[in-house]
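What follows is a short report on a single structure.
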Amino acid sequence: MTANFTYSAFGITWLNETLPPFMTPQYVLAPFKLENNNSASTFASENITATTRLYSVDINCEPATIFTPQNESEVEDFPSIAESYYMSSTGCRVTRPYGPTGNDTMGGVGVEEVKKYTSLYAGYNDDDGYANYYMSQYCPRNASRTFFAAFTENKAKESDPAKTPTVLFCNSTYYYQNVQATVGVPDNNVIDMTALGAATELPEDMFNVTDLEWQMNSARQESYVRGEIPGSD
């Protein structure tokens, strides 16, 4: 994954930059255009409507439960022995602490600075060892769409009690849906959308979700392959 995606997401989220054509914060549309435009010019207020496909992702999250074993026999089949674990309903068993603890004190400078809030995203894959945090060592193979998210407020003073992090296990489902959509031209900004059918999960031979989520977790491209992610060539 190139830095362009990171910069673009930051600019849109925090700097109110304009979304790319055919895109909203919730979904992206397969592009379309007028087949023939007999008018000499296109007016700024002109809209076009067509049947197309919508692409998006659903994220379903559950709060992690904390399991504290009473003896080692309770964790014989766990990936590692710890005093307690973050657990999910899909079989993830993450040793604690993992990520932000809520016991850090604000202060410091540069890369060592502890700010008011700390968060962590940990995806599933780490095939080539570029990710510092990953779930494949803690979650079963059938939970490969799982990612771990943690967020906490840090302490203002060393003497303050530790905060309790919010910890979630989330699962992603990528899908497409036939829709009727209206966009404004010439910018192709989305004005309206009406669903024409049910959402269908994207098959792996249509879009390589595994590769995308590997890139998200490792913050790099595994290989330069045209077409997997727009603009990645």
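Going by the numbering used here, the residue at position 180 of the sequence shown is 177; the numbering climbs one at a time, nothing skipped. Backbone N, C-alpha and C fix where the C-beta goes; we use that ideal spot for every residue, glycine too.
Original post:
How many angstroms separate the CA atom of residue 122 from the CA atom of residue 90?
Top reply: If I take the Cα positions, the gap works out to 16 Å.
Subject >> Environment of residue 120 [buried if 16+ CB atoms lie within 10 Å] >> reply: Residue 120 is buried by the Cβ-count criterion.
**OP:** Give the straight-line distance between the Cα atoms of residue 112 and residue 79, rounded to the nearest whole angstrom.
**Re:** Distance between the alpha carbons of residue 112 and residue 79 is about 28 Å.
**OP:** Within 10 angstroms of the Cβ of residue 23, are there 16 or more other Cβ atoms? Answer buried if so, exposed if not.
**Re:** Answer is exposed; the Cβ neighbour count stays below 16.
Original post:
Can you tell me where the alpha helix (DSSP H) with residue 212 in it begins and where it stops?
Top reply: For residue 212, the uninterrupted alpha helix (DSSP H) run begins and ends at 206 to 215, by DSSP.
**OP:** With residue 78 as the anchor, note down where its beta strand (DSSP E) starts and where it stops.
**Re:** Careful: residue 78 lies outside any beta strand (DSSP E) and carries neither H nor E.
Original post:
Excluding sequence positions up to five away, which residues of its chain have a Cβ less than 7 Å from the Cβ of residue 140?
Top reply: The answer, listed in chain order, is 87, 88 and 89.
Original post:
Less than 8 Å separating the beta-carbons of residue 29 and residue 49?
Top reply: Yes, these two residues count as a Cβ contact at 8 Å.
Original post:
Could you give the residue range of the beta strand (DSSP E) that holds residue 90?
Top reply: According to the DSSP assignment, residue 90 belongs to the beta strand (DSSP E) that extends over 90 to 92.
**OP:** Could you tell me whether the segment 162 to 180 touches the segment 195 to 206, where touching means 3 or more Cβ pairs closer than 8 Å?
**Re:** Note that the segment 162 to 180 touches the segment 195 to 206; at least 3 beta-carbon pairs, one per stretch, sit closer than 8 Å.
Subject >> CA nearest to the CA of residue 135, picked from 95, 55, 202 and 203 >> reply: Nearest of 95, 55, 202 and 203 to residue 135, Cα basis: 95.
Subject >> residue 189: first and last residue of the uninterrupted beta strand (DSSP E) it sits in >> reply: Counting along the chain, the beta strand (DSSP E) containing residue 189 begins and ends at 186 to 192.
**OP:** Identify, in the order they occur along the chain, each residue of the same chain with its Cβ nearer than 7 Å to the Cβ of residue 137, setting aside the five sequence neighbours on each side.
**Re:** Result list for residue 137: 88, in chain order.
Subject >> residue 127 versus residue 209 - alpha carbon distance >> reply: Roughly 14 Å between the two C-alpha positions.
Subject >> Straight-line gap, residue 160 to residue 93 (C-alpha atoms, nearest Å) >> reply: Taking the straight line joining both Cα atoms gives about 15 Å.
Original post:
To which residues of the same chain is residue 213 closer than 6 Å at the C-beta, ignoring the five residues directly before and after it?
Top reply: Once the five neighbours on either side are set aside, the close Cβ partners of residue 213 are 120.
Original post:
What do you reckon, are the CB atoms on residue 187 and residue 31 nearer than 8 Å?
Top reply: Contact annotation: residue 187 and residue 31 have beta-carbon atoms that are not nearer than 8 Å.
**OP:** Report the rounded CA-to-CA distance for residue 75 versus residue 82, giving the unit in angstroms.
**Re:** Distance between the alpha carbons of residue 75 and residue 82 is about 10 Å.
Subject >> Beta carbon proximity, residue 20 to chain D, threshold 8 Å >> reply: Annotation note: the requested chain D is absent from the structure, which comprises a single protein chain.
Original post:
When DSSP labels each residue in this structure, what does residue 50 get in the three-state scheme?
Top reply: DSSP, reduced to helix, strand and coil, places residue 50 within a strand of the structure shown.
Original post:
Is it true that the CB of residue 191 sits closer than 8 Å to the CB of residue 176?
Top reply: Yes.
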